[in-house]
Amino acid sequence: MSGLDLDAEREIDLRSAWARITARWWLAAAGLVVGAVVGIVAASGSGTVWEANALLYLGQPFTPSGGGQLQSLQTNPKTVPELIRSERALEAAAKASGLTRAQLRGNVTSAPVTIATGATARNLSPLVELTVQAPRQEKAEQAAASLAATVIEAISPYVLQKIVQLEEQVATDEAQLARLDERIASLLEQQRQVLSGAGLSLGDRLVASQGVNANLSVAESQRLAIQQDVTDVRQLLSLAHQVELPRVVAEPLGKRADATSRRNGAVAGALLGLLLGAVAAYAVEPFLRRRSTS
Numbered sequence: 028m029s030g031l032d033l034d035a036e037r038e039i040d041l042r043s044a045w046a047r048i049t050a051r052w053w054l055a056a057a058g059l060v061v062g063a064v065v066g067i068v069a070a071s072g073s074g075t076v077w078e079a080n081a082l083l084y085l086g087q088p089f090t091p092s093g094g095g096q097l098q099s100l101q102t103n104p105k106t107v108p109e110l111i112r113s114e115r116a117l118e119a120a121a122k123a124s125g126l127t128r129a130q131l132r133g134n135v136t137s138a139p140v141t142i143a144t145g146a147t148a149r150n151l152s153p154l155v156e157l158t159v160q161a162p163r164q165e166k167a168e169q170a171a172a173s174l175a176a177t178v179i180e181a182i183s184p185y186v187l188q189k190i191v192q193l194e195e196q197v198a199t200d201e202a203q204l205a206r207l208d209e210r211i212a213s214l215l216e217q218q219r220q221v222l223s224g225a226g227l228s229l230g231d232r233l234v235a236s237q238g239v240n241a242n243l244s245v246a247e248s249q250r251l252a253i254q255q256d257v258t259d260v261r262q263l264l265s266l267a268h269q270v271e272l273p274r275v276v277a278e279p280l281g282k283r284a285d286a287t288s289r290r291n292g293a294v295a296g297a298l299l300g301l302l303l304g305a306v307a308a309y310a311v312e313p314f315l316r317r318r319s320t321s
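This is the structure in structure tokens:
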């Protein structure tokens, strides 16, 4: 048989199949409708999933003097994923939410907040979104809050210790300033008494005044230096609190996230129903023919 004959035979077969389907188009249409309905029902019965998202700021640690950035747990991109998947973190989240570790395992994720996507993606700042999925809203929120607290606690020790030391330094400096203020007030009183000249000759007043002025100059210089140190330390404290210290920026809030949306279920069911209906329309004619001849 030649190639032309084969092509002609295929064309005839396709026309015959199409004719069978169009002759009983209502089977395909019925399959479409029934499939869509079944898809919606299946999607509705697939269960509701709640998703809670927490936004974490990991902080950017600096050297004690604030002069340069440090590499630490806060800057390691694997820190958060490893922490939230650890058994200790899952156990704490399970106790906080009433879920089991098995329910949490595989339903806990994290992702850095970036600009752009793919190979060009880069972090705007050390922001990470933590996500937990659970059967109920409050359980998802409680588990996410627990995991967020675990992360913050694990990466905060350096900055917290730094804040404690800076606050101690401020307290020490302010105590020195208070003592210097008392010293300066005493020297000013001595200066006033010397200048009043009570019981002192002109030469004695001049010598005494020079001594008091020298001590006053030293005390004021010391006070100026310590006051500048307080200002610098307070700036480092502000940097530690606002930039370095990890914190939860947005508390977890649950939202409904259906496992399969009704629209997707309807589309998938309709396509499958249409296919089955078309197959039925194609196959029903030979079946009826055999039945009528028997």
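Start counting the sequence shown at 28; every next residue gets the next number (the numbering used here). Think of the CB as a built atom: it goes at the ideal place given N, C-alpha and C, for glycine as much as any other residue. Just so we're clear, the structure is a prediction, and the values are computed from it rather than from any experiment.
Check your understanding: Looking at C-alpha atoms only, which residue of V270, V155 and Q130 is the closest neighbour of I142?
Key -> In the sequence shown, the residue the question calls residue 142 occupies position 115. Nearest option by C-alpha distance: V155.
Review point. By Cβ distance below 7 angstroms, which residues in the same chain neighbour Q254 in space, the five residues on each side in sequence not counted?
Key: Taking the first residue of the sequence shown as position 1, residue 254 is located at position 227. These residues qualify, in order along the chain: L204.
Check your understanding: What residue range is occupied by the uninterrupted alpha helix (DSSP H) comprising R128?
Key -> On the sequence shown, position 101 is the one that residue 128 refers to. From DSSP, the alpha helix (DSSP H) with R128 extends over R128 to L131.
Review point. Looking at C-alpha atoms only, which residue of R112, H268, L83 and A46 is the closest neighbour of V191?
Key: Sequence index remark: in the sequence shown, residue 191 carries index 164 (1-based). Checking every option, the nearest Cα to that of V191 belongs to H268.
Review point. Would you call the region 175–192 and the region 291–299 in contact, with 3 or more CB pairs under 8 angstroms?
Key: no
Review point. Taking buried to mean at least 16 other C-beta atoms within 10 Å of its own C-beta, is G133 buried or exposed?
Key: Here residue 133 refers to the residue found at position 106 when the sequence shown is read from its first residue. Exposed is the call here.
Review point. Alpha carbon to alpha carbon, how far is A148 from A138?
Key: Mapped onto the sequence shown, residue 148 falls at position 121. Mapped onto the sequence shown, residue 138 falls at position 111. With a pLDDT of only 49 at A148, under the threshold of 50, the placement of this residue in the model should not be trusted, and no figure is reported.
Exercise for review: Can you check the region 134–221 for any alpha helix (DSSP H) of at least 4 residues that lies completely inside it and give the ranges in chain order?
Suggested key: 164–182
**Study point:** Burial state of Q96 (16 or more Cβ within 10 Å)
**Key:** As a working note, residue 96 is residue 69 in the sequence shown. Counting Cβ neighbours within 10 Å, Q96 comes out exposed, since fewer than 16 surround it.
Practice item. Can you tell me the Cβ-Cβ gap for P88 and E271, rounded? I've got them flagged as a contact below 8 angstroms. Key: Translated into the one-based positions of the sequence shown, residue 88 becomes position 61. Translated into the one-based positions of the sequence shown, residue 271 becomes position 244. About 5 angstroms separates the two Cβ atoms, so the contact holds.
Review point. Over what stretch of residues does the alpha helix (DSSP H) that includes A121 continue unbroken?
Key: Here residue 121 corresponds to residue number 94 of the sequence shown, with the count starting at 1. Per DSSP, A121 belongs to the alpha helix (DSSP H) from E114 to S124.
Review point. Apart from the five residues just before and just after G281, which ones in its own chain have a Cβ nearer than 6 angstroms to its Cβ?
Key: Along the sequence shown, one-based indexing puts residue 281 at 254. Around G281: W77, A79, Q164, A167 and E168.
Review point. Just to confirm, are L301 and G62 a CB contact at a threshold of 8 angstroms?
Key: In the sequence shown, the residue the question calls residue 301 occupies position 274. In the sequence shown, the residue the question calls residue 62 occupies position 35. Yes, they are a contact pair.
Check your understanding: Under 8 angstroms, do R115 and A121 count as touching if we go by C-beta distance?
Key -> As a working note, residue 115 is residue 88 in the sequence shown. As a working note, residue 121 is residue 94 in the sequence shown. Against a cut-off of 8 angstroms, the Cβ pair of A121 and R115 comes out as no contact.
**Study point:** Residues near I179 in its chain [Cβ-Cβ closer than 8 angstroms; skip 5 each side]
**Key:** Indexing the sequence shown from 1 puts residue 179 at position 152. L83, P273, R274 and V275, listed in sequence order.
Practice item. Kindly indicate which three-state DSSP category A277 falls into: helix, strand or coil? Key: Translated into positions along the sequence shown, residue 277 becomes position 250. Here A277 sits in strand by DSSP.
Review point. Under the three-state reduction of DSSP, which class applies to N103: helix, strand or coil?
Key: If you number the sequence shown from 1, residue 103 lands on position 76. DSSP places N103 in coil when its eight states are reduced to three.
Point to revise | Where S244 falls, given that 16 or more other Cβ within 10 Å makes a residue buried | key: The residue given as residue 244 occupies position 217 in the sequence shown. Per the 10 Å Cβ criterion, exposed.
Review point. Considering only C-alpha positions, which residue in the set L100, N291 and Q217 is nearest to N242?
Key: Position 215 of the sequence shown, counted from the start, is the residue given in the question as residue 242. The shortest Cα separation from N242 among L100, N291 and Q217 belongs to Q217.
Exercise for review: Report yes if the CB atom of A175 is closer than 8 angstroms to the CB atom of A81, and no otherwise.
Suggested key: In the sequence shown, the residue the question calls residue 175 occupies position 148. In the sequence shown, the residue the question calls residue 81 occupies position 54. Against a cut-off of 8 angstroms, the Cβ pair of A81 and A175 comes out as a contact.
Practice item. In the DSSP assignment, find the beta strand (DSSP E) that holds A267 and state where it starts and stops. Key: Translated into the one-based positions of the sequence shown, residue 267 becomes position 240. First-last for A267: undefined, no H or E at that position.
Point to revise | N-terminal and C-terminal residue of the beta strand (DSSP E) that L85 is part of | key: Start at 1 with the first residue of the sequence shown, and residue 85 comes out as number 58. Premise fails: L85 is in no beta strand (DSSP E) and is neither H nor E.
Exercise for review: Tell me whether R51 sits in a helix, a strand or coil according to DSSP, three-state version.
Suggested key: Residue mapping note: residue 51 aligns to position 24 of the sequence shown, counting from 1. Residue state, collapsed to three classes: coil.
Check your understanding: Does the beta-carbon of P162 have 16 or more other beta-carbons within 10 angstroms, so that it is buried, or is it exposed?
Key -> Taking the sequence shown and counting its residues from 1, one reaches residue 162 at position 135. The residue in question, P162, is exposed, as its Cβ has fewer than 16 Cβ neighbours within 10 Å.
Practice item. Compare the beta carbon distance of V140 and I111 with 8 angstroms and say whether it is the shorter of the two. Key: Taking the first residue of the sequence shown as 1, we reach residue 140 at position 113. Taking the first residue of the sequence shown as 1, we reach residue 111 at position 84. In this structure, I111 does not lie closer than 8 angstroms to V140 by Cβ.
Point to revise | Own chain partners of S173 with C-beta closer than 6 angstroms, once the 5 adjacent residues on each side are dropped | key: Position 146 of the sequence shown, counted from the first residue, corresponds to residue 173. Hits under 6 angstroms: A119, A120 and A123.
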